[in-house]
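Single-structure report; data block below.
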Amino acid sequence: MCNYWVSTGELSVEDMEDSLRRAKELSKWVTNNWRPARGVARKSNHFHPKKSEVMWYLHPEEVMEEIASVLGVEEATTLTAGWFQARLPAIANILARMTPKEKADFDVEVAKMAKEGYPEETKRSIAKRFSTKRIAKVMDEHWKEMGLVSIMFTAYTLPDGKLVIDAHDEIADLMGVPTRSFVDCHPDEITKMKLLLMDYMKTLRNKAQVPVTDGTGTNPGTQKIMLTTTSEGYPILPEPWRNGDESKKKLEELFSLYIGRHYKLATNGHTVHPPYAAIMANHGAYVNPEYLPPSFTVKHPRNLTKMALEAFFDHIEERQKEHGPTRAFRFKSVKHSETIIPAKYPPDASDADAGAGAGTGGRRKAKTRKTKTTAKKTKRTNAAKRKNPPNPVNDPNTSPRSSHQGPGAGAVPSEERLPDAITHLTNHTADSCGWVSNAPPSKWTGRWIT
796 MCNYWVSTGE
806 LSVEDMEDSL
816 RRAKELSKWV
826 TNNWRPARGV
836 ARKSNHFHPK
846 KSEVMWYLHP
856 EEVMEEIASV
866 LGVEEATTLT
876 AGWFQARLPA
886 IANILARMTP
896 KEKADFDVEV
906 AKMAKEGYPE
916 ETKRSIAKRF
926 STKRIAKVMD
936 EHWKEMGLVS
946 IMFTAYTLPD
956 GKLVIDAHDE
966 IADLMGVPTR
976 SFVDCHPDEI
986 TKMKLLLMDY
996 MKTLRNKAQV
1006 PVTDGTGTNP
1016 GTQKIMLTTT
1026 SEGYPILPEP
1036 WRNGDESKKK
1046 LEELFSLYIG
1056 RHYKLATNGH
1066 TVHPPYAAIM
1076 ANHGAYVNPE
1086 YLPPSFTVKH
1096 PRNLTKMALE
1106 AFFDHIEERQ
1116 KEHGPTRAFR
1126 FKSVKHSETI
1136 IPAKYPPDAS
1146 DADAGAGAGT
1156 GGRRKAKTRK
1166 TKTTAKKTKR
1176 TNAAKRKNPP
1186 NPVNDPNTSP
1196 RSSHQGPGAG
1206 AVPSEERLPD
1216 AITHLTNHTA
1226 DSCGWVSNAP
1236 PSKWTGRWIT
């Protein structure tokens, strides 16, 4: 433009150079003042579960039924040949058959999982398998990207319900220095931190024992159906259970909560997902008729009508008033691999009363059998000790005391012996509260489990 004005005589060469200089200054000012704000560059770490994952984790029974249809077999399990390859096609078939309303409901489930995460059982399983590897990968990325090192204390729950406290330290390895780790250099302080974190986590878990809601996240002004439990874990249906907001969706979720809690009790905490296909195929083997309304079949709640769900909860409410929460409903049997085994519910008050009425003779016989069994175990243990005497290095009860514990080798509390013994420990798990070491001593001091 300036060249055009010079050629027409409207602008001199000197004026053009001055205009170009001013234009550059203006452009520089605009660049420095109007540039959009940018945050610190970082990698995306958002949790976005796929629809196939949500369907698999929330509706595994429905997926397994479709897998059986795809494979052309009567029933499919994780032991069926080709089940895994048929999983995604089966999920695609289920999604393709959904009505517009079912798709909208499923989208709500996907959004809910993206906000709250995987189901609790899935979280526990993933933490047990991949926590150490994932944390080591994160530490390596932080070191390579920012030169950042850290010591990480983690707490998670195993599938059997035990709380695990870990200490992760890879500072020396990341910096390439062949020396003892920080955790190894300060075992007493690390142990105290683990104990403090364990106590804190136990306090939080106790405070978190609140009534379970339907969790749909719908209209906050509506009253939500809630499930509380007895001390043994038996679900308690609210009385009256109707609150004026019994939509089909809420009844489905309440049914899943109630039946899932009972199936978890019946399987001794193994799973909250009843095998609906197997139950429908052999209904009488899984549930006694007394626990159900007439002509009711336990199946996936999505396949039950609203009237059937209401009849079920009306029946449970009546039985709960008469027999209490522990006898309002029960599974007769559960599925174990390809077989059906008796349910293993925890004992309740009625079981204790029945046992107390057995008489002293029964108790005397039981005590005699227990004494004989204990004597046999003691005999086998003593024989094993004579054959394989304990190694004082690996035995925390006989490990020499270190200098930081003071002189003397007398009996001391296990918490004081443990930090010293753990430096020699390679693979030892206590029944209730102990250590587990799954990695070289340069990286880990062990793991608290309770």
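Under the working numbering, the first residue of the sequence shown is numbered 796, with each subsequent residue one higher. Just so you know, even glycine gets a beta-carbon here, dropped at the ideal spot from N, CA and C. Bear in mind the structure is a predicted one, so any value in this text is a computation, not a measurement.
Buried/exposed call for residue i, threshold 16 Cβ in 10 Å
i, result
"Leu1032", "buried"
"Ala1206", "Confidence at Ala1206 is low in this model, with a pLDDT of 40, below 50, so the placement of that residue should be treated as unreliable; the coordinate-derived value is given next. Per the 10 Å Cβ criterion, exposed."
"Lys1165", "Because the pLDDT of Lys1165 is 46, which lies under 50, any placement of that residue in the model is unreliable, and the number read from its coordinates should be weighed accordingly. It counts as exposed."
"Pro1030", "buried"
"Lys759", "Since the first residue of the chain shown is 796 and the last is 1245, residue 759 is not available in this structure."
"Leu990", "exposed"
"Met859", "buried"
"Glu812", "exposed"
"Leu821", "exposed"
"Thr986", "buried"
"Ala1073", "buried"
"Arg817", "exposed"
"Arg882", "buried"
Cβ-Cβ separation, residue j to residue i (assumed contact under 8 Å), whole Å
i, j, result
"Pro844", "Val905", "7 Å"
"Asn1083", "Lys1127", "5 Å"
"His963", "Ile930", "5 Å"
"Gly877", "Leu890", "The Cβ separation is near 21 Å, so there is no contact."
"Val944", "Leu969", "6 Å"
"His1095", "Glu848", "Not really, about 19 Å apart at Cβ, beyond 8 Å."
For residue j and residue i, the rounded distance between their alpha carbons
i, j, result
"Ile952", "Glu915", "Checking the displayed sequence, the identity of residue 952 turns out to be Thr instead of Ile. Using only the alpha carbons, I get a separation of about 9 Å."
"Val1067", "Asp935", "37 Å"
"Met893", "Gln880", "22 Å"
"Tyr1071", "Val1093", "7 Å"
"Leu758", "Ala885", "This structure does not reach residue 758, given that the chain is present from 796 up to 1245, and the question cannot be answered."
"Glu861", "Glu940", "45 Å"
"Met996", "Pro973", "34 Å"
"Glu911", "Lys923", "19 Å"
"Glu870", "Pro1137", "21 Å"
"Tyr1086", "Arg1114", "8 Å"
"Ile921", "Gly956", "14 Å"
"Arg1000", "Pro954", "15 Å"
"Ser1026", "Tyr1053", "16 Å"
"Ser864", "Asp900", "24 Å"
"Gly1055", "Lys896", "25 Å"
"Thr1024", "Glu1047", "19 Å"
"Glu1041", "Asp983", "56 Å"
"Asn888", "Leu1099", "20 Å"
"Tyr913", "Glu1133", "27 Å"
"Pro1035", "Lys928", "49 Å"
"Lys1101", "His1078", "21 Å"
"Val825", "Phe842", "38 Å"
"Pro1089", "Thr872", "30 Å"
"Gly1119", "Phe925", "42 Å"
"Gly971", "Asp979", "17 Å"
Contact set for residue i: own chain, Cβ-Cβ below 7 Å, skip 5 residues either direction
i, result
"Phe1091", "Ala1103, Ala1106, Phe1107"
"Tyr1140", "Leu1060, Ala1061, Arg1125"
"Ile1111", "Leu1032, Ala1123, Phe1124"
"Lys898", "none"
"Ser1051", "Pro1096"
"Thr803", "none"
"Lys846", "Leu890, Val905"
"Lys1043", "Lys1101"
8 Å CB neighbourhood of residue i in its chain, flanking five on each side removed
i, result
"Tyr1058", "Thr1066, Val1067, His1068, Pro1069, Phe1126, Val1129"
"Phe948", "Ile960, Asp961, Ala962, His963, Met988, Lys989, Leu992"
"Val868", "Thr875"
"Phe977", "Ile946, Asp964, Ile966, Ala967"
"Met1075", "Thr1092, Val1093, Lys1094"
Close-in-space but distant-in-sequence residues of the same chain around residue i (CB under 6 Å, 5 per side omitted)
i, result
"Ile1135", "Ala1080, Ser1128"
"Met908", "Pro844, Val849"
"His937", "Leu943"
"Lys823", "none"
"His1131", "none"
Proximity test, Cβ basis, 9 Å: residue i and chain C
i, result
"Gly1064", "The structure shown contains no chain C; it is built from a single protein chain."
query: Are there three or more Cβ pairs, one per stretch, closer than 8 Å when the segment 910 to 925 is compared with the segment 852 to 859?
result: Under the Cβ criterion (8 Å, minimum of three pairs), the segment 910 to 925 counts as touching the segment 852 to 859.
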